Amino acid sequence: DSGVTQTPKHLITATGQRVTLRCSPRSGDLSVYWYQQSLDQGLQFLIQYYNGEERAKGNILERFSAQQFPDLHSELNLSSLELGDSALYFCASSVEGHYTDTQYFGPGTRLTVL
Amino acid sequence: AQSVSQHNHHVILSEAASLELGCNYSYGGTVNLFWYVQYPGQHLQLLLKYFSGDPLVKGIKGFEAEFIKSKFSFNLRKPSVQWSDTAEYFCAVNEIQGGSEKLVFGKGTKLTVNP
C-alpha cells in the first residue's frame with residue numbers, strides 16, 4: 004500500500020458525460036500528479052499540483068481539468084467524454100514536487116466510456 | 459520533446475535466468491532516470507533512480523541499472539530472476555520544458571517469469 008488513495012476504483016459512463024476522479028495523497032505529501040495510461044499511448048503525464056497551485060502541465064486535453072484543495076486532495080474532472088478517454092487514470096504524490104522526489108502511485112481509477 | 463523507448467514489449471524467462479531490459483531516451487542534456495515496477499494487481503512503485511554520480515545504480519530486490527550517457531541508455535538488469543519478478547517495468551526520464559519538469563515514461567515491458 005503506497006498510502007495514496009483513489010476513488011472510485013472503476014467507473015463506467017457514456018459518451019458526452021462528465022466524471023470526477025478523486026485522489027488523496029500520502030500524509031505529508033504536498034504535490035499531486037495525474038497520469039493517464041492507455042494501451043496505445045502508454046503512461047502519459049497530465050498535470051501536477053503543489054500545495055494547491057498548478058506546477059506543471061503535460062498532455063492534458065482542454066476537456067479535462069484538475070484542482071488541488073486546501074486539504075491537499077485533488078480531483079480530476081473529465082467532461083464531454085469520448086470513447087478514446089477510456090483508460091486507467093493514476094494519481095501520484097510526492098513530498099515537495101521536485102523530480103528528484105520519489106513519486107508514490109495510487110491504485111488507479113479505470114474509466115470505461117461506452 | 460523527450461521520448462523514452464523500451465525495446466521489448468514482452469519478455470518471457472525461466473527462473474534463474476538473467477534479465478536485461480532496454481531503455482533509451484532522446485534528451486541529451488542533464489537527465490534524471492527512473493525505473494518503476496507494477497506487480498500484478500498492485501500500484502506502480504519505484505525500483506531505482508539515477509541522478510548523478512556512480513552510473514551503476516542499485517535498487518530494491520536485487521535490481522540494478524547502468525546509465526551510459528554516450529548511448530542515451532539506462533538498462534535494467536538482474537542476474538537471476540524469480541517468479542515473483544513477474545510484473546510490468548517502466549523506464550522514465552524527466553523532461554524540463556518551459557521552466558517546469560515532468561516525467562516521461564516508456565510504454566513498459568511486461569516480464570513473465572516461468573517457475
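Going down the list, the protein sequences come from chains A and B.
In this note's numbering, each residue carries its 1-based index in the first sequence increased by 3.
In this note's numbering, each residue carries its 1-based index in the second sequence increased by 458.
Backbone N, C-alpha and C define an ideal beta-carbon position, used for all residues, glycine too.
These numbers come from a predicted model, not from an experiment.
Judged by DSSP secondary structure, B/W541 falls outside any beta strand (DSSP E); it is assigned neither H nor E. For B/K529, the secondary structure class from DSSP, reduced to helix, strand or coil, is helix. The alpha-carbon separation between A/P28 and A/S96 amounts to approximately 5 Å. Here A/F72 is exposed: its Cβ has fewer than 16 other Cβ atoms, across all protein chains shown, within 10 Å.
Secondary structure of A/L86 (DSSP, three-state): helix. For A/I63, the three-state secondary structure derived from DSSP is coil.
Listed in chain order, the non-local C-beta contacts of B/S472 below 6 Å within the same chain comprise N572, local neighbours out to five positions each way being set aside. Counting other Cβ atoms within 10 Å of its Cβ, B/Y497 stays below 16 and is therefore classed as exposed. Annotation: B/S472 has no Cβ neighbours in chain A at a cutoff of 9 Å; minimum Cβ distance is about 27 Å. Note that the C-beta distance between A/S77 and A/L114 is not below 8 Å.
In terms of beta-carbon proximity, B/E559 lines the interface with chain A, with at least one pair separated by less than 8 Å. Taking a Cβ-Cβ cut-off of 8 Å, B/L534 has no neighbours in chain A, whose nearest Cβ is about 16 Å from it. In summary, B/P513 is exposed, with fewer than 16 beta-carbon neighbours lying within 10 Å of its beta-carbon over all protein chains present. By the rule that beta-carbons nearer than 8 Å mark a contact, B/Q460 does not touch chain A. The Cβ atoms of A/L24 and A/L86 do not sit closer than 8 Å to each other. Minimum Cα-Cα distance from A/L91 among the listed residues A/L49, A/Y53 and A/G55 corresponds to A/L49. For A/V116, the enclosing beta strand (DSSP E) starts and ends at T112 to V116.
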